[in-house]
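A short write-up of the structure that comes next.
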Amino acid sequence: MVKDTVKHFIFENRKLIQNILRVLLVLVSILVIGTTVYYHGFPHPQETRDLLLTVNKLFFLVFILNYTVKVIIAQQPKAFLRQTWLEAFLLMLVIYDGISYYVFEFPIINALFSYLRIDPMSTKYAFFIQFFLILLVIIEFIKSTRDFGKIPLKPGALFVWSFVILILGGAGLLCLPSINTTGTSMRFIDALFTSASASCVTGLTVADTATYFNFKGQILILMLIQLGGLGIITFATYFATFYKKGVGIKHQYALQQMLDTDSLIGSYGLIRKIFVYTIAIEAISATCLYMLWNNYPFASSGDKVFSSIFHAISAFCNAGFSLFTNNLYEPGVSDKYILHLVVAATVFFGSLGFPAMRDMFEVDNLRKRLKMPWKKWKLSTQIAFYTSIALVVFGAICFYFLEKNNAIKGMELFPAMVASVFQSTITRTAGFNTVDMSILGTPILIIFIFLMFVGASSGSTGGGIKTSTFVVIFASMWATIRGKKMITLGRRTISHDLIYKAFAIFVFSATYVFVCTFILSITEPGTPIIRLLFEEVSAFATVGLSTGITASLSDASKIVLIISMFVGRVGILTLAFALSKEVETNAFKYPNSHIMIG
Numbered sequence: 019m020v021k022d023t024v025k026h027f028i029f030e031n032r033k034l035i036q037n038i039l040r041v042l043l044v045l046v047s048i049l050v051i052g053t054t055v056y057y058h059g060f061p062h063p064q065e066t067r068d069l070l071l072t073v074n075k076l077f078f079l080v081f082i083l084n085y086t087v088k089v090i091i092a093q094q095p096k097a098f099l100r101q102t103w104l105e106a107f108l109l110m111l112v113i114y115d116g117i118s119y120y121v122f123e124f125p126i127i128n129a130l131f132s133y134l135r136i137d138p139m140s141t142k143y144a145f146f147i148q149f150f151l152i153l154l155v156i157i158e159f160i161k162s163t164r165d166f167g168k169i170p171l172k173p174g175a176l177f178v179w180s181f182v183i184l185i186l187g188g189a190g191l192l193c194l195p196s197i198n199t200t201g202t203s204m205r206f207i208d209a210l211f212t213s214a215s216a217s218c219v220t221g222l223t224v225a226d227t228a229t230y231f232n233f234k235g236q237i238l239i240l241m242l243i244q245l246g247g248l249g250i251i252t253f254a255t256y257f258a259t260f261y262k263k264g265v266g267i268k269h270q271y272a273l274q275q276m277l278d279t280d281s282l283i284g285s286y287g288l289i290r291k292i293f294v295y296t297i298a299i300e301a302i303s304a305t306c307l308y309m310l311w312n313n314y315p316f317a318s319s320g321d322k323v324f325s326s327i328f329h330a331i332s333a334f335c336n337a338g339f340s341l342f343t344n345n346l347y348e349p350g351v352s353d354k355y356i357l358h359l360v361v362a363a364t365v366f367f368g369s370l371g372f373p374a375m376r377d378m379f380e381v382d383n384l385r386k387r388l389k390m391p392w393k394k395w396k397l398s399t400q401i402a403f404y405t406s407i408a409l410v411v412f413g414a415i416c417f418y419f420l421e422k423n424n425a426i427k428g429m430e431l432f433p434a435m436v437a438s439v440f441q442s443t444i445t446r447t448a449g450f451n452t453v454d455m456s457i458l459g460t461p462i463l464i465i466f467i468f469l470m471f472v473g474a475s476s477g478s479t480g481g482g483i484k485t486s487t488f489v490v491i492f493a494s495m496w497a498t499i500r501g502k503k504m505i506t507l508g509r510r511t512i513s514h515d516l517i518y519k520a521f522a523i524f525v526f527s528a529t530y531v532f533v534c535t536f537i538l539s540i541t542e543p544g545t546p547i548i549r550l551l552f553e554e555v556s557a558f559a560t561v562g563l564s565t566g567i568t569a570s571l572s573d574a575s576k577i578v579l580i581i582s583m584f585v586g587r588v589g590i591l592t593l594a595f596a597l598s599k600e601v602e603t604n605a606f607k608y609p610n611s612h613i614m615i616g
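In our numbering, the protein residues as written are 19 to 616.
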């Protein structure tokens with residue numbers, strides 16, 4: 019009877035109860051994140067740690083209450099339990115542990131940790147409890163994304179703000195004393211620079227990742243790289259999926275076109291493939307790297323595993339962060355040429371773009387091509403792959419002949435060829451280096467600036483104006499020279515809208531780089547202009563290569579590069595669309611006029 023009364027009361031007042039629980043969950047989620055950051059970010063005596071751990075355990079009660087109410091008001095409780103099995107499993111484990119502790123005085127989780135010879139009040143146990151809580155917070159956040167459509171922002175603006183939040187959040191965490199080896203807070207401008215570099219998968223650093231940051235700091239940087247690297251695609255697809263009721267059809271269509279899918283369902287399905295490709299390539303790369311470190315003197319096998327994972331993720335996301343002070347030019351690593359080729363291959367696949375990889379490697383597409391050998395890749399895939407190969411070959415040849423008496427002087431043929439191919443591949447998108455960048459000559463720096471400016475392919479983790487933009491502009495120029503009115507590629511006509519967009523990206527990007535380089539020449543008066551231009555293009559194209567001047571830059575110069583990394587990551591047109599007001603109509607035309615050109 020009491021049970022039915024409670025059910026009836028909850029059902030009759032479900033809206034009010036749900037609103038109260040929603041507010042309570044938001045507050046508890048903020049407290050969970052805050053206490054976790056406070057626990058790990060600052061040094062504490064054991065009494066404070068125990069108190070924080072007890073408070074964290076109490077937070078579970080709110081999640082249990084929220085889930086119980088949802089089960090009661092669900093029209094089909096069994097179906098609801100099946101849909102939320104992970105949340106149910108986590109909460110049942112917590113409830114079981116609580117009952118075993120308060121009723122039988124035999125805490126299951128404590129007993130498990132004791133069996134594993136881990137102190138129940140140790141940091142590892144606290145991490146286990148906090149991991150459970152953070153996982154529950156993430157689940158609630160994912161479910162709340164249905165309300166994103168109510169936010170009065172354009173999809174592009176929402177995407178831009180997601181990176182702003184990621185960068186600022188990362189900067190705040192990097193300022194914590196327990197994140198670095200000095201035990202003091204990092205300067206905010208340096209933390210902001212590092213967070214922007216990691217979130218925008220650039221690789222420029224003002225502090226040595228290997229020695230300045232401890233394991234916590236390196237894990238944080240790795241998380242920012244992974245979130246930032248996949249964000250440009252997964253966030254867009256995610257918002258397209260949940261924006262079905264929140265934005266107009268043309269917004270959804272724009273996101274669909276950006277992801278190169280046939281439908282919104284295809285965009286939603288691409289999320290799973292992105293994660294499959296990412297996990298597969300990063301896992302294969304990490305495994306290969308682990309086997310190729312050979313006799314490098316790591317402190318432990320755990321360090322060797324972590325270094326393999328870190329460099330695999332950094333390579334696929336085209337970040338260029340390294341756990342070696344001298345990057346891959348580190349003694350003991352600079353002569354591991356097969357390892358260099360694995361890193362270069364990982365970077366190359368990361369720069370191709372997920373739509374291109376899906377077209378090339380999806381099982382259904384491979385089967386179709388086996389049955390129909392004449393069936394080709396999509397035009398966008400052909401542009402991404404063949405242009406990337408051409409740029410790598412061009413860069414490698416230039417590097418070999420321009421630096422054979424400088425950076426690669428004294429090397430035998432095979433090491434010199436590997437170094438040339440590696441630097442050419444890396445220069446377009448990532449910030450790894452196997453040679454001393456500070457001694458490179460001006461001619462190769464100019465070639466590298468060109469490669470960085472072109473960058474990776476559309477839908478990838480890399481930056482630059484993109485290979486498709488470069489090809490369309492080149493095709494347009496060639497058609498103009500030959501007097502052709504229509505621009506064709508691969509027996510396909512390129513629309514004027516795409517041509518206008520390509521030229522807009524090129525002009526905006528070139529103008530932005532010119533203005534920023536001019537500002538840098540004012541803030542860094544004693545630095546050669548070629549090095550400032552190299553640094554700016556590296557930041558804007560989210561490459562991360564440097565001639566060695568990054569750490570010595572003034573705060574004003576760092577701010578310029580932070581903005582450049584951000585603009586280059588979200589895309590200069592995306593940022594312009596997000597900030598601009600859409601015209602009400604363009605259904606009119608003025609009379610034609612002739613203007614002298616050239």
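The C-beta atom is built at its ideal place from N, Cα and C for all residues, glycine as well.
- Counting along the chain, the unbroken alpha helix (DSSP H) around serine 406 starts and ends at 397-421.
- In the three-state reduction of the DSSP assignment, leucine 507 falls in the strand class.
- For asparagine 74, the enclosing alpha helix (DSSP H) starts and ends at 64-91.
- Under the criterion of beta carbons closer than 8 Å, serine 303 and threonine 220 do not qualify as touching, at roughly 20 Å.
- Secondary structure note for glutamate 554: its alpha helix (DSSP H) is the uninterrupted segment 547-558.
- Taking the Cα positions, tyrosine 114 is about 42 Å away from alanine 333.
- Going by beta carbons, threonine 405 and threonine 485 fall inside the 8 Å limit.
- Using a Cβ distance threshold of 8 Å, leucine 238 and leucine 184 do not count as a contacting pair.
- For the 8 Å CB-CB criterion, phenylalanine 107 and leucine 240 do not form a contact.
- Per the C-alpha coordinates, the member of Gly116, Lys234, Val555 and Leu591 positioned closest to arginine 446 is Val555.
- Judged by pairs of C-beta atoms under 8 Å, the segment 561-574 touches the segment 457-477, as three or more such pairs exist.
- Rounded to the nearest angstrom, the gap between the Cα atoms of valine 588 and glycine 482 is 11 Å.
- Counting only the Cα atoms, leucine 550 lies some 7 Å from serine 539.
- Distance from the Cα of isoleucine 491 is smallest, within the candidate group His514, Gly477, Thr568 and Gly459, for His514.
- In the three-state reduction of the DSSP assignment, asparagine 383 falls in the helix class.
- Asparagine 74 is a Cβ neighbour of glutamine 148, given a cutoff of 8 Å.
- Annotation for glutamine 101: the continuous alpha helix (DSSP H) segment containing it runs 95-101.
- Straight through space, the alpha carbons of aspartate 353 and glycine 566 are spaced by roughly 21 Å.
- The shortest C-alpha to C-alpha distance from valine 578 to any of Ile157, Val381 and Ala557 is the one to Ala557.
- Exposed is the label assigned to arginine 510, since fewer than 16 other Cβ atoms lie within 10 Å of its Cβ.
- Cβ atoms of valine 453 and alanine 425 come within 8 Å of each other, at about 4 Å.
- Boundaries of the alpha helix (DSSP H) around serine 438: 431-445.
- Residue environment for threonine 72: exposed (fewer than 16 other C-beta atoms within 10 angstroms of its C-beta).
- In this structure, the beta-carbon distance from alanine 434 to threonine 399 does not fall below 8 Å.
- Of the candidates Ser475, Phe521 and Tyr530, the residue whose Cα lies closest to the Cα of glycine 368 is Ser475.
- Only residues of its own chain outside the window of five on either side were considered, and among them Leu550, Leu551 and Glu554 have a CB closer than 6 Å to the CB of threonine 535, listed in chain order.
- Valine 80 has its alpha-carbon roughly 30 Å from the corresponding atom of phenylalanine 181.
- Leaving aside the five residues that flank glycine 59 on each side, the residues in its chain whose CB is nearer than 6 Å to its CB run, in chain order, Leu194 and Ser196.
- Rounded to whole angstroms, the separation of the alpha carbons of isoleucine 90 and leucine 49 is 27 Å.
- C-alpha of aspartate 573 to C-alpha of leucine 111: approximately 50 Å in a straight line.
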